[in-house]
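Chemist: Sharing a structure here in structure tokens format.
Number of protein chains: 2
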Amino acid sequence: MTATTIPTPEHVQPVPLDKAYRLLNHGPTVLVSAAHAGEINVMSAAWACALDFLPPKVTVVLDKATRTRALVEGSGVFALGVPSVGIAALTLGVGTDSAASVPDKLARHGVRCFSAEGHAPPLVEGCVAWLMCRLLPELRNQHTYDLFIGEVVAAWADERVFRAGRWHFDEAPDHLRSLHYVAGGQFYVTGASLQVGRDGP
Amino acid sequence: MTATTIPTPEHVQPVPLDKAYRLLNHGPTVLVSAAHAGEINVMSAAWACALDFLPPKVTVVLDKATRTRALVEGSGVFALGVPSVGIAALTLGVGTDSAASVPDKLARHGVRCFSAEGHAPPLVEGCVAWLMCRLLPELRNQHTYDLFIGEVVAAWADERVFRAGRWHFDEAPDHLRSLHYVAGGQFYVTGASLQVGRDGP
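Going down the list, the sequences are from chains A and B.
Heads up, the first sequence is in this note's numbering, so the first residue is 1 and it goes up one at a time.
Heads up, the second sequence is in this note's numbering, so the first residue is 1001 and it goes up one at a time.
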């Protein structure tokens, strides 16, 4: 099970850890990637959420049937990516097919990965943000609820849409907006920015 | 601490429990409401997430400093509402002020509640969906991570934007779209629907 590994794409810049929660705060669907014992995998997950500011923590739900979960449990690390509209079909595909029954699922859905130095989990090209996470083992949560908690140890974003600690979707091409999955292949795209003052919009 | 209690608004219809996860699947910011010992409160939370399909479960992060958390712990029940653009200022306000220091915060921010028969937590008018939840006590999560798990026991939505198990934001006025909070008073509005087939958008 492999994906094409490419150099770090243009526009990828580090995000300070105290701003990393903002990459997930608006509730996008994510790609979960992990590597263990020579195997890599990527799956999509709509059920991922920020859990703390600093050190930043996240939750993500990983079903027992997924191969990616086994890689997370085996390696103790995983990455979350925030996919853009440009890879919506890929996002649906890697969330529908399991590597257990479709061994070439990454190639089939055109998944291209790059590496962050010092970190094993692959990062998926076409995302607009990435969070590298260390699993905080909580066996009761994992067993009872399929709920995994991670501490974010590094983060990056595409500077065309996230810079100086803020998203700037309205100033970039629409294919770089993030995605919010519902069901049956339907997503909502992240829409317009709305700045609210304390006295009203 | 009170809010105006009003009859059930027009357009509110029950949502079958097997579709309740779809009310949160796209990652909106929520309003958390609870009642205990004659006190009610409402706060906003960007960190809420679906956790299971059926019975539907949710996670929500409630800081120890909030009054709403005390009401949830005291009563064992809470409601999540999905606020619309029309109450964005209210959503920011009840997430910024605490009832601990601003006792009239609900009145100050114009919070109007209605009741669902047989359930104590108030539901906030101006939301487009509501999930009534029974706390599943997990003391380690609550203490260590401020993480609360609830089982959804009833759900409702505004039929103008959610019906037959699906969101229909694109066919309704924009002020009924849901919200995704980032930071500093900035939200993103739920945007356009994107239907992806297995072979591409």
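We treat Cβ as the ideally placed atom computed from N, Cα and C, and that holds for glycine.
So that I know if they touch, is there some Cβ in chain B lying closer than 8 Å to that of Val153(A)?
Modeler: For Val153(A), no CB of chain B lies under 8 Å from its own CB, so it is not counted at the interface with that chain.
Chemist: Can you tell me which residues form a DSSP beta bridge with His11(A)?
Modeler: Bridge partners of His11(A): none, in fact.
Chemist: Under 8 Å between beta-carbons, which chain B residues line up against Pro122(A)? List them in chain order, please.
Modeler: Chain B residues near Pro122(A): none, gap ~23 Å exceeds 8 Å.
Chemist: If contact is defined by three or more beta carbon pairs under 8 Å, each pair taking one atom from either stretch, is the stretch 73–81 of chain A in contact with the stretch 165–172 of chain A?
Modeler: no
Chemist: Give the residues from the stretch 1043–1069 of chain B that approach chain A closer than 8 Å (Cβ to any Cβ), ordered along the chain.
Modeler: Interface annotation for the stretch 1043–1069 of chain B against chain A: Ala1046, Trp1047, Ala1048, Cys1049, Ala1050, Leu1051, Asp1052, Lys1057, Thr1059, Val1061, criterion Cβ-Cβ distance under 8 Å.
Chemist: Along chain A, in chain order, which residues have C-beta atoms closer than 8 Å to that of Phe1078(B)?
Modeler: The contacting residues do not exist; Phe1078(B) stays about 17 Å from chain A at best.
Chemist: If you measure from the beta carbon of Asn1025(B) to each beta carbon in chain A, is any gap under 8 Å?
Modeler: Yes, contact with chain A.
Chemist: Where does Pro201(A) fall in DSSP's three states?
Modeler: Confidence at Pro201(A) is low in this model, with a pLDDT of 45, below 50, so its placement is unreliable and the value that follows should be read with caution. Pro201(A) falls in the coil class under three-state DSSP.
Chemist: Counting Cβ pairs, one atom from each stretch, are 3 or more of them under 8 Å apart for the stretch 1125–1137 of chain B and the stretch 181–190 of chain A?
Modeler: The stretch 1125–1137 of chain B, when compared against the stretch 181–190 of chain A, does not touch it at the 8 Å Cβ threshold.
Chemist: For a quick check, are the C-beta atoms of Gly1074(B) and His1119(B) less than 8 Å apart?
Modeler: no
Chemist: Starting from Ala50(A) and walking both ways along the beta strand (DSSP E), at which residues does that stretch end?
Modeler: 48–52
Chemist: How would you write the range of the alpha helix (DSSP H) that Ala100(A) sits in, first residue to last?
Modeler: Careful: Ala100(A) lies outside any alpha helix (DSSP H) and carries neither H nor E.
Chemist: Report all residues from its chain with a CB closer than 6 Å to the CB of Ala45(A); omit the five preceding and five following residues, and keep chain order.
Modeler: Val30, Val32, Val60
Chemist: Taking the runs of the beta strand (DSSP E) that are 3 residues or longer, which of them lie wholly in the stretch 1098–1172 of chain B?
Modeler: 1112–1114, 1127–1135, 1147–1158
Chemist: Please identify the residue among Ser178(A), Leu194(A), Thr190(A) whose C-alpha is closest to the C-alpha of Thr91(A).
Modeler: Ser178(A)
Chemist: Since Ala79(A) is in the alpha helix (DSSP H), which residue starts that stretch and which ends it?
Modeler: Per DSSP, Ala79(A) lies in no alpha helix (DSSP H) segment; the continuous beta strand (DSSP E) that holds it begins and ends at 77–83.
Chemist: List the residues of chain B whose Cβ lies closer than 9 Å to the Cβ of Leu139(A), in chain order.
Modeler: By Cβ distance, chain B contributes nothing, its closest Cβ being about 11 Å from Leu139(A), past 9 Å.
Chemist: Beta-carbon of Arg1163(B) versus every beta-carbon of chain A: anything under 8 Å?
Modeler: no
Chemist: So Ala155(A) packs on Leu54(A), CB below 8 Å; how close in whole Å?
Modeler: 12 Å between Cβ atoms; not a contact.
Chemist: Quick check on the burial criterion: 16 or more other C-beta atoms within 10 angstroms. Buried or exposed for Pro201(A)?
Modeler: Reliability fails at Pro201(A), whose pLDDT of 45 lies under 50, so the model's placement of it is uncertain and no value is given.
Chemist: Check for me: the beta strand (DSSP E) holding His180(A) runs from which residue to which?
Modeler: 179–183
Chemist: For Gly1038(B), tell me which candidate among Ala1020(B), Ile1087(B), Gly1110(B), Pro1122(B) has the shortest Cα-Cα distance.
Modeler: Pro1122(B)
Chemist: Does DSSP put Thr1091(B) in a helix, a strand or coil?
Modeler: helix
Chemist: Taking Asn41(A) as part of the beta strand (DSSP E), name the residues at either end of that continuous run.
Modeler: Unbroken beta strand (DSSP E) run through Asn41(A): 39–45.
Chemist: Specify, as a first and last residue, the run of the beta strand (DSSP E) that Ala1035(B) falls within.
Modeler: 1030–1036
Chemist: Leaving out five residues on either side along the sequence, give the residues of the same chain with a beta carbon under 7 Å from the beta carbon of Arg1157(B).
Modeler: The question names Arg, but residue 1157(B) is Ala in the sequence shown. Result list for Ala1157(B): Gln1013, Val1015, Leu1023, Val1128, Ala1129, in chain order.
Chemist: So Ala183(A) contacts chain B; which residues on that side make the cut at Cβ distance below 9 Å?
Modeler: Lys1019, Tyr1021, Arg1022, Asn1025, Gly1165, Arg1166
Chemist: Strictly below 9 Å CB to CB, what residues from chain A border His1180(B)?
Modeler: Under the 9 Å cutoff, chain A gives Asn25, His26, Gly27, Pro28, His180, Thr190, Gly191.
Chemist: Chain A beta carbons: is any one of them nearer than 8 Å to that of Gln1142(B)?
Modeler: no
Chemist: In chain B, which residues lie with their C-beta within 8 Å of the C-beta of Phe148(A)?
Modeler: Residues of chain B with a Cβ closer than 8 Å to the Cβ of Phe148(A) do not exist; the shortest Cβ-Cβ separation is about 12 Å.
Chemist: Would you mind working out which of Thr1190(B), Lys1019(B), Arg1067(B) sits nearest Arg1166(B), comparing C-alpha positions?
Modeler: Lys1019(B)
Chemist: Can you tell me whether Leu17(A) is helix, strand or coil according to DSSP?
Modeler: helix
Chemist: What does DSSP give as the partner residue(s) for Thr5(A) in the beta ladder?
Modeler: Cys113(A)
Chemist: Can you list, in chain order, the residues of its chain whose CB lies under 6 Å from that of Tyr1188(B), leaving out five sequence neighbours each side?
Modeler: His1180
Chemist: Looking only at C-alpha atoms, which of Thr96(A), Asn41(A), Thr68(A) sits nearest to Thr5(A)?
Modeler: Asn41(A)
Chemist: Tell me, which residues are paired with Leu194(A) by DSSP?
Modeler: Phe1187(B)
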